[in-house]
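Per numbering that gives the first Met the number 0, residue 0 is the first one in the sequence shown, and the count goes up by one each step.
For every residue, glycine included, the Cβ atom is placed at its ideal position computed from N, Cα and C.
Only a predicted model underlies this, so the values are computations on that prediction, with no experimental measurement involved.
Okay, so here's the structure we're looking at.
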Amino acid sequence: MLRFTFDIPFLLHSKRFTDFNTMSHYIDIQTLVNAPLANAWEVLTNPEHICQWNHASDDWHCPKASNDLREGGQFSYTMAAKDGSFSFDLEGVFTQVEAPHALCYNLADGRKVEVSLQETADGVLVAQRFEPEQENPEEMQRMGWQAILDNYGRFAAR
Numbered sequence: 000m001l002r003f004t005f006d007i008p009f010l011l012h013s014k015r016f017t018d019f020n021t022m023s024h025y026i027d028i029q030t031l032v033n034a035p036l037a038n039a040w041e042v043l044t045n046p047e048h049i050c051q052w053n054h055a056s057d058d059w060h061c062p063k064a065s066n067d068l069r070e071g072g073q074f075s076y077t078m079a080a081k082d083g084s085f086s087f088d089l090e091g092v093f094t095q096v097e098a099p100h101a102l103c104y105n106l107a108d109g110r111k112v113e114v115s116l117q118e119t120a121d122g123v124l125v126a127q128r129f130e131p132e133q134e135n136p137e138e139m140q141r142m143g144w145q146a147i148l149d150n151y152g153r154f155a156a157r
């Protein structure tokens, strides 16, 4: 898979992102989506699609997703082990929505997340910047969030 080495395309939107400069520590991940920008946005933001790709491994799934895609709108994505042994709700509030190029949200625990979509000659570059939590090692978080983003990219390319 193609990987980019640059300061993530948040710079394209940094004047618009009010949360961008308030992140003191963050993790960047990205994927290249072989789909038109409008499709990439639709798959990223439509709860029906989110349920299809929002899991880090094949033994997990996202049985329920809802969102109110507007600034101040809330979202909730249920992440669950398929064997029923564990589940949790990833919840938050959208702070900025600029369809189809960018969105920012705050998770319920206060961490910030930014997503940028940029058309390139090779497809849509989707970059995500998030503040890590303190409970799990950062590399584990990077790998988990990257696995979810890669699932999204594969699903969006269908």
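**Prompt:** Cβ atoms of Q127 and I28: under 7 Å apart, would you say?
**Reply:** Taking the C-beta atoms as reference points, Q127 is found nearer than 7 Å to I28.
**Prompt:** Which of helix, strand or coil does DSSP assign to R153?
**Reply:** Here R153 carries a helix assignment [DSSP, helix/strand/coil].
**Request:** Taking N66 as part of the beta strand (DSSP E), name the residues at either end of that continuous run.
**Result:** For N66, the enclosing beta strand (DSSP E) begins and ends at W59 to N66.
**Residues that C103 bridges to, as DSSP identifies them** = DSSP, once it has assigned bridges, lists Q95 and E113 as partnering C103.
**Request:** With DSSP collapsed to three states, give me the class of G143.
**Result:** Three-state result, G143: helix.
**Request:** Can you grab the Cα-Cα spacing for the pair R69 / H100, in whole Å?
**Result:** Approximately 14 Å between the Cα atoms of the pair.
**Asked** Per DSSP, what kind of secondary structure is E134 in: helix, strand or coil?
**Response** If DSSP states are grouped into helix, strand and coil, E134 belongs with coil.
**Message:** I'd like to know if the segment 82 to 99 and the segment 51 to 71 are in contact, where contact means that at least 3 CB-CB pairs between them fall below 8 Å.
**Reply:** Yes, they touch.
**Asked** Does the beta-carbon distance from P35 to N66 come in below 7 Å?
**Response** No, these two residues do not count as a Cβ contact at 7 Å.
**Prompt:** Is the Cβ-Cβ distance between G158 and L106 less than 7 Å?
**Reply:** Given that the chain is displayed from residue 0 to residue 157, the structure contains no residue 158 and the question cannot be resolved.
**Asked** Short check: CB of P136 to CB of I26, under 7 Å?
**Response** Not a contact, by the Cβ cut-off of 7 Å.
**Inter-residue spacing [alpha-carbon to alpha-carbon] between H12 and W40** = No answer about H12 holds up, because its pLDDT of 48 lies below 50 and its placement is not dependable.
**Prompt:** Within 10 angstroms of its Cβ, does K81 collect 16 or more other Cβ (buried), or is it exposed?
**Reply:** Exposed.
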